[in-house]
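A quick write-up on the structure given underneath.
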Amino acid sequence: MQTLLDQMLHKYKIESLKDAKNALKEITQEVILCGLSRARFFKKAAFHGGTALRIFYALRRFSEDLDFSLVLADLNFNLSHYLPFVENELCAIGLNFKAEPKTNPFNPAIASAFLTGNLKENLSLFYPNTRSLKAVHPEEVIKIKIDVDLNTPGFATFENKNKFFPSFYQIKLHDMPTLFAGKLHAVLCRAWKNRIKGRDLYDYIFYISQNSAVNMPYLKAKLVNSGFIDSNFDLVRTSLINLLNEHFTSVDIDLAKQDVLPFVTNSNELKHWNLQFFLDITKNINPTYPVY
26 MQTLLDQMLH
36 KYKIESLKDA
46 KNALKEITQE
56 VILCGLSRAR
66 FFKKAAFHGG
76 TALRIFYALR
86 RFSEDLDFSL
96 VLADLNFNLS
106 HYLPFVENEL
116 CAIGLNFKAE
126 PKTNPFNPAI
136 ASAFLTGNLK
146 ENLSLFYPNT
156 RSLKAVHPEE
166 VIKIKIDVDL
176 NTPGFATFEN
186 KNKFFPSFYQ
196 IKLHDMPTLF
206 AGKLHAVLCR
216 AWKNRIKGRD
226 LYDYIFYISQ
236 NSAVNMPYLK
246 AKLVNSGFID
256 SNFDLVRTSL
266 INLLNEHFTS
276 VDIDLAKQDV
286 LPFVTNSNEL
296 KHWNLQFFLD
306 ITKNINPTYP
316 VY
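Residue numbers (my numbering): 26 to 317.
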């Protein structure tokens with residue numbers, strides 16, 4: 026079993042305790058996905074968000090949470106059914122985590138759970154002889170959150186992806202145009218006053234750099250559900266660019282940099298972040314997508 030962990034750790038360059046923690050989190054995330062796949066979770070749900078980009082498209086930032094959407098809306102979906110499979114999968118490679126479902130009184134359309142384990146105990150499985158473990162408090166925990174959107178709108182499109190560690194499994198995830206649409210919704214709607222998650226901006230730049238198309242019907246449905254626009258709004262390339270430019274003008278980009286800094290390995294990527302940069306790259310947005 027140690028050989029399997031060695032193979033999973035091979036892609037990581039560990040130079041600090043922070044690097045070791047990030048490697049543990051990412052490997053744990055992949056084992057969680059394997060457990061969900063074994064439980065046939067992906068018959069009903071699809072993977073999306075920053076962690077999906079990190080694992081399947083080599084996004085150069087770390088991501089903490091695992092985000093999913095149901096393929097068909099179902100407010101009675103029971104996430105708890107799948108958690109024992111996840112715990113068993115983690116246990117099979119020696120990791121010790123407890124899965125607990127959480128209710129969200131502010132948004133009952135999101136089903137959540139936390140996978141929680143002792144950081145030092147689990148790190149010692151990966152790095153049994155490292156001196157840096159002495160710096161870890163014996164009660165410090167590692168926590169990974171699972172969120173499932175139970176009321177996802179229609180128009181999402183999907184693809185299947187295969188993974189081979191810790192063993193072969195297959196998952197369903199949103200395709201790139203739908204992933205980008207979901208991120209555009211987050212950029213526009215997931216902000217508080219003039220603050221915005223820098224991780225959303227980082228991912229936005231990634232999609233632009235990939236010249237990704239946008240699933241416009243899905244984006245419109247998401248924005249309508251959030252009350253950001255009404256159903257009569259004509260969401261086309263020009264109006265989308267105007268919405269984004271208006272939003273970028275209102276946010277504090279320096280605060281966004283501070284938010285994303287702990288999740289990137291190369292801070293030089295953030296040096297060019299300013300309002301004009303985001304206005305310039307937004308001109309390249311490509312919403313071309315089949316009309317439904």
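We treat Cβ as the ideally placed atom computed from N, Cα and C, and that holds for glycine. None of these values were measured; they are calculated from a predicted model.
Check, Outcome
"Three-way DSSP call (helix, strand, coil) for residue 141 in this model", "strand"
"For residue 126, three-class secondary structure by DSSP", "strand"
"For residue 43, three-class secondary structure by DSSP", "helix"
"Per DSSP, cross-strand counterpart(s) of residue 135", "174"
"Backbone CA spacing between residue 240 and residue 163 [nearest angstrom]", "46 angstroms"
"Rounded separation between residue 35 and residue 111 - CA only", "23 angstroms"
"Within 9 angstroms, strictly: CB atoms of residue 151 and residue 140", "no"
"In chain order, each beta strand (DSSP E) run of at least 3 residues that lies wholly inside the segment 190 to 226", "194 to 199"
"Beta-ladder partner(s) of residue 166, from DSSP", "143"
"First through last residue of the beta strand (DSSP E) which encompasses residue 188", "183 to 188"
"Alpha-carbon to alpha-carbon, residue 93 and residue 136", "10 angstroms"
"Residue range of the unbroken alpha helix (DSSP H) whose run includes residue 95", "Looking at the DSSP string, residue 95 is not in any alpha helix (DSSP H); the run it does join, the beta strand (DSSP E), is 91 to 95."
"Cutoff 7 angstroms; reference residue 148; Cβ partners in own chain excluding five residues on either side", "45, 49, 158 and 161"
"Cross-strand partners of residue 79 (DSSP beta bridge)", "Residue 79 is not bridged to any residue."
"Terminal residues of the alpha helix (DSSP H) in which residue 246 lies", "241 to 250"
"Close Cβ partners of residue 259 (< 6 angstroms) along its chain, the five nearest in sequence each way excluded", "none"
"Cβ neighbours of residue 168 in the same chain (closer than 6 angstroms, five flanking residues each side left out)", "139 and 141"
"Residue 274 versus residue 198 - alpha carbon distance", "32 angstroms"
"Beta-carbon proximity check, residue 270 vs residue 304, cutoff 9 angstroms", "yes"
"Closest residue to residue 175 among 87, 128 and 278 (Cα-Cα distance)", "128"
"Candidates 248, 89 and 190, of which the one nearest residue 79 by Cα", "89"
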